[in-house]
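In the numbering used here, the protein residues as written are 56 to 172.
Built from N, CA and C at the ideal position, the CB exists for glycine as well.
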Amino acid sequence: MTKVQEMLAALPDEKKACFVPVFGSVERFYTIVYLIAKNEHLTEQEKPDRYEDRLQVIRQIRRKVEQLVDSFGLPGEDTVADIASDYFEDYVQYREPEFGITNDDFVDVIRKISQLA
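Rendered as structure tokens:
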């Protein structure tokens, strides 16, 4: 378990409950942010059609996640950056963790995040 995973696991139950409406759980929050970081990185690397637009949307979602975590009384920007760091550590080590989340589940959470004020 990484430091940010340990920090999230050690949160009091009332803080963990804050993550449930949008993410389902703290563990799923970690997975979603990890996949957001991965999508941002791969979009930057592969430069698909309209990649600038995609990056803008991905970064907007990331900022909304940071603000949401801030609203829980936690350091949103640092938490998201730490999870992104975990992704990059795995990337340079050629590790591909299995998260057990479907693409549909990921997209559903992203839709919830995008609808936040």
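Exposure of residue i, with buried meaning 16 or more beta-carbon neighbours within 10 Å
i, result
"residue 75", "exposed"
"residue 119", "buried"
"residue 198", "Lying before the first or after the last residue shown, residue 198 is absent from the chain, which here runs from 56 to 172."
"residue 78", "buried"
"residue 63", "buried"
"residue 150", "exposed"
"residue 105", "exposed"
N- and C-terminal bounds of the alpha helix (DSSP H) containing residue i
i, result
"residue 56", "Counting along the chain, residue 56 falls outside any alpha helix (DSSP H), and DSSP gives it neither H nor E."
"residue 163", "158 to 169"
"residue 131", "131 to 147"
"residue 107", "106 to 126"
"residue 153", "Note, residue 153: premise wrong, no alpha helix (DSSP H); not H, not E."
"residue 93", "81 to 101"
"residue 76", "68 to 78"
Own chain, CB closer than 6 Å to residue i, minus 5 neighbours either side, in chain order
i, result
"residue 109", "98"
"residue 142", "89, 92 and 93"
"residue 57", "141"
"residue 137", "59"
Presumed contact (8 Å Cβ cut-off) between residue i and residue j, rounded CB distance
i, j, result
"residue 127", "residue 73", "4 Å"
"residue 81", "residue 71", "5 Å"
"residue 168", "residue 116", "6 Å"
"residue 178", "residue 165", "What is shown of the chain runs 56 to 172, which leaves residue 178 out entirely."
"residue 152", "residue 159", "19 Å between Cβ atoms; not a contact."
Same chain, Cβ closer than 7 Å to residue i, five either side skipped, listed in chain order
i, result
"residue 132", "121"
"residue 134", "59 and 124"
"residue 139", "92"
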